[in-house]
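Number of protein chains: 2
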Amino acid sequence: MNDFQFQNTTKVYFGKDQLGHLHTEVLKFGDKVLVAHGGSFIRESLLYKRVINELQTNAVTVYELGEVEPNPRHTTVNKGVAMCKEHGIQTVLAIGGGSTIDCCKAIAAAALSETDNIWDLVEEKIAWKDALAVIAIPTIASTGSEMDKSCVISNVELGVKSGINGEAIRPKAAFLDPTNTFTVPPMQTACGGFDIMAHFLDMNYFVNADKYPLQFNVVETILKTVRNQLPVAIKEPENYEARATLLWAASWALNSFCTSGFKTQPQLHALEQFSSTMDLTHGLGLAIITPKWMTYLLERDETVADDFARFGVNVMGIPDSEDKKALAFQAVEALQQFIKDELGLPVYLSELGLDGSKFDEMTKKACYGRKMLPLAYRPLTQEDCLNIYKMCL
Amino acid sequence: MNDFQFQNTTKVYFGKDQLGHLHTEVLKFGDKVLVAHGGSFIRESLLYKRVINELQTNAVTVYELGEVEPNPRHTTVNKGVAMCKEHGIQTVLAIGGGSTIDCCKAIAAAALSETDNIWDLVEEKIAWKDALAVIAIPTIASTGSEMDKSCVISNVELGVKSGINGEAIRPKAAFLDPTNTFTVPPMQTACGGFDIMAHFLDMNYFVNADKYPLQFNVVETILKTVRNQLPVAIKEPENYEARATLLWAASWALNSFCTSGFKTQPQLHALEQFSSTMDLTHGLGLAIITPKWMTYLLERDETVADDFARFGVNVMGIPDSEDKKALAFQAVEALQQFIKDELGLPVYLSELGLDGSKFDEMTKKACYGRKMLPLAYRPLTQEDCLNIYKMCL
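Written out as structure tokens, the structure is:
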């Protein structure tokens, strides 16, 4: 097992009746809070009213940054930074998905830095260490940003998605209430759920590294659990247990517990350039690419068969058998069917009316401008990436 | 799923080459440290020399409390408290097992309180909130005390084991080096490993509560992993992977991650009064009592059969079948055989030359002086407890 360091200080309030603790967490840092969210959908929600009421009845002054985009722009971050500096705000509170939480983390760091422009931090022109307090109220089970210490921001002018990473921006508290995810529509539930699965697959399961018994078995179990509970949440949006399982699993995927000791280069996340070039939802991009990537590897490299076969049996629930290669192909097929039938997601770009005109751009991005992904599960050349993209048409 | 709050702030340094970070952690709190351990076995170890060297070369003044007992006495704690107060020590560093770590937690709390006697805190005569910093270097995979916030202390004069509990005594840092457990003899390895299993069985697996898919499946997986890796560590004491798995699993058992949302009353730990009355190792007491407790329940209460059968198949690895009751009995038999053959532990008191003369005392303690354990997996009367003890003869 590789040496590793683990610490995760986020205080999690999980469940239906925890919002009464919000003002206590906020007032640890000061009485001015910036509430950031994605716009009218949140502003009209009961959750939003409860949050504002909870803060205002406890003498907290609320500033508001609405309209945080799905891939949050650095200009929106900068707007929040200016508000924090102008009003002397101490806490940035996110209500929303990973994008809103990421936006708040970026605001928190830049607000205590010398610059008004988050991109100076992203490009490491300005050093930073401290940050305002971040508190997260996720409204979808997906990225797990509420317990991790990084964020991704889009610079539309440069056509670049990048981010910052540091202990100071890890949320001080996170309020995980499964009922806040009851209204997430089936399509977004499916995409968020597949994002959770992809985090595990990419960073802990299909890895070019030793499989440590504890972490690897735990990851496999969580994958299977998400695989089983996700269709329940899609069919029964108010099934508390299914929603709770997904919400907590999303945090586990990125809170460093399951990744402890693993060192790898996430390949599916590198390949998933559909969101950055075609504006597809990230989780949908992952759902489209994953089975094609598996098929491509399997047709060229027998050494993946055992891993894929194990995935088929232990995660997808197909019966075990002797012929590992056949089993591996069945596993990929089972995954594709799961995405199509149980998650109700498209599995080809053509179903979305999209073509391959962005593939060259995607390929370059996927390989980070270099020749291949050297530490990934199986290194891929730019040609490999392009071939995999073509399988998605 | 029950609402819950989760936070675990301990910084874990896991692996072979982490001790170089020790002085950084110590110097966060001050330059005077009390190093506590169990005596000559530790003092003559390479680990001890490395720790002292690491501290002294970084200008840390070291005070020493040796001879911490296996069930640490409140008088030993008080000795440490006096040293901390006299010398203005800021950090208490444990090198050893759960007893040493627990002793350090108790010292840390009392040293900042108004009293010189830890028992005033245990009996809640004196309120306490803050504590000196605690740092833990476990030398056996067992209690998981290095990431939790409670401790158990023995008052021999009163014949009582009790403790304190609070966020301030959770270790600030823990150095988990599997090679530090290479010298743990087979018997202690087995007892420590069974202690880990019992934590999961008692608090997350055989519980009178809903089984949440995520946490329950993870717990079952860790149980199976420990069941498989423990015999490896016994046979191959320097098997790094097996030792690492046990050491990290011990922390997972008590770091609140796996218990999140569960509410139960630990029954096996209540029944395990062999250590408090006959001076048996706690893990051995648990290993003796667990299969008898299962048999006793199974013979009287058909409703446990499904749970025990699942344990048999998913943890003990016996083949699944239709007849759940038969399967449940097989599961208990498999567990007893595992303890005897693979762990090499005695399964009856008579093998240790012990009799039932303490059973009345044990029974009273097990039920905490009350009639039964109302929230436990299956409530037991004092008569039930006594009957189970008799099965251990």
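Protein chains in written order, with my numbering: chain A, 1 to 393; chain B, 394 to 786. Ideal placement from N, C-alpha and C gives every residue a C-beta, glycine not left out. All of these numbers come straight from a predicted model, not from anything done at the bench.
- Per the coordinates, the alpha-carbon of G556(B) lies some 43 angstroms from the alpha-carbon of A106(A).
- Boundaries of the alpha helix (DSSP H) harbouring V219(A): P213 to K235, taken from the DSSP string.
- Going by DSSP, G96(A) is part of the beta strand (DSSP E) stretching over T91 to G96.
- Contact annotation: the region 166-177 of chain A does not touch the region 226-241 of chain A, with fewer than three C-beta pairs closer than 8 angstroms.
- At a cut-off of 8 angstroms between beta carbons, T652(B) makes no contact with chain A.
- A Cβ of chain A is located within less than 8 angstroms of the beta carbon of G408(B).
- Listed by position along chain B, the residues whose Cβ is nearer than 7 angstroms to that of D3(A) are F407, G408, K409, D410 and Q411.
- The contact set of Y212(A) on chain B, defined by CB atoms closer than 9 angstroms, consists of E634, A637, T638 and W641 in chain order.
- Bounds of the alpha helix (DSSP H) holding L679(B) are H675 to R693.
- Around the Cβ of N165(A), a 10 Å sphere holds fewer than 16 other Cβ atoms; the residue is exposed.
- At a cut-off of 8 angstroms between C-beta atoms, V207(A) does not count as an interface residue with respect to chain B.
- Nearest CB-CB separation between K11(A) and chain B: below the 8 angstroms threshold.
- Separation of M362(A) and F274(A) (C-alpha to C-alpha, rounded to the nearest whole angstrom) is 7 angstroms.
- When secondary structure is reduced to three states using DSSP, K263(A) falls in the coil class, being assigned neither helix nor strand.
- Interface flag for F704(B) against chain A is unset, since no Cβ pair is found closer than 8 angstroms.
- Collapsing the DSSP output to three states places L34(A) in a strand.
- Around the beta carbon of Y368(A), a 10 Å sphere encloses fewer than 16 other beta carbons of the protein chains shown; the residue is thus reported as exposed.
- Those residues of the region 173-203 of chain A placed with their C-beta closer than 7 angstroms to a C-beta in chain B do not exist.
- For the region 471-502 of chain B, the set of residues with a beta-carbon nearer than 7 angstroms to any beta-carbon of chain A is empty.
- If you check the CB distance, C103(A) and P72(A) come in under 8 angstroms.
- Inclusion of G489(B) and I445(B) in the CB contact set at 8 angstroms is not warranted, their separation being larger than that value.
- Exclusion of the five residues before and after A198(A) leaves L268 and L286 as the residues of its chain whose Cβ lies within less than 6 angstroms of its Cβ.
- As far as DSSP is concerned, L742(B) takes part in no beta bridge.
- Under the 8 angstroms Cβ criterion, the region 141-159 of chain A counts as touching the region 189-208 of chain A, having at least three qualifying pairs.
- Using a Cβ-Cβ cut-off of 7 angstroms, F6(A) is close to V405 and F407 of chain B, given in chain order.
- The beta-carbon distance between C651(B) and V612(B), rounded to whole angstroms, is 5 angstroms. This is short enough to meet the 8 angstroms contact definition.
- Taking C-alpha positions only, K32(A) is separated from T57(A) by approximately 13 angstroms.
- Here DSSP, grouped into helix, strand and coil, assigns M476(B) to helix.
- Scanning T61(A), H74(A), E25(A) and A249(A) for the CA closest to the CA of E157(A) turns up H74(A).
- Its Cα nearest to that of L691(B), the residue F722(B) stands out among F722(B), L664(B) and E418(B).
- Among the bridge pairs identified by DSSP, Q398(B) is matched with Y13(A).
- Residues of chain A with a Cβ closer than 8 angstroms to the Cβ of N610(B) are, in chain order, T221, I222, K224 and T225.
- Q622(B) reaches chain A at P213 and L214, counting residues in chain order whose Cβ is nearer than 9 angstroms.
- Contact between Y782(B) and G749(B) holds, with the beta-carbon distance rounding to 7 angstroms and staying under 8 angstroms.
- Between E560(B) and K542(B), the alpha-carbon positions lie close to 6 angstroms from each other.
- The beta-bridge partner set that DSSP reports for R466(B) consists of S547(B).
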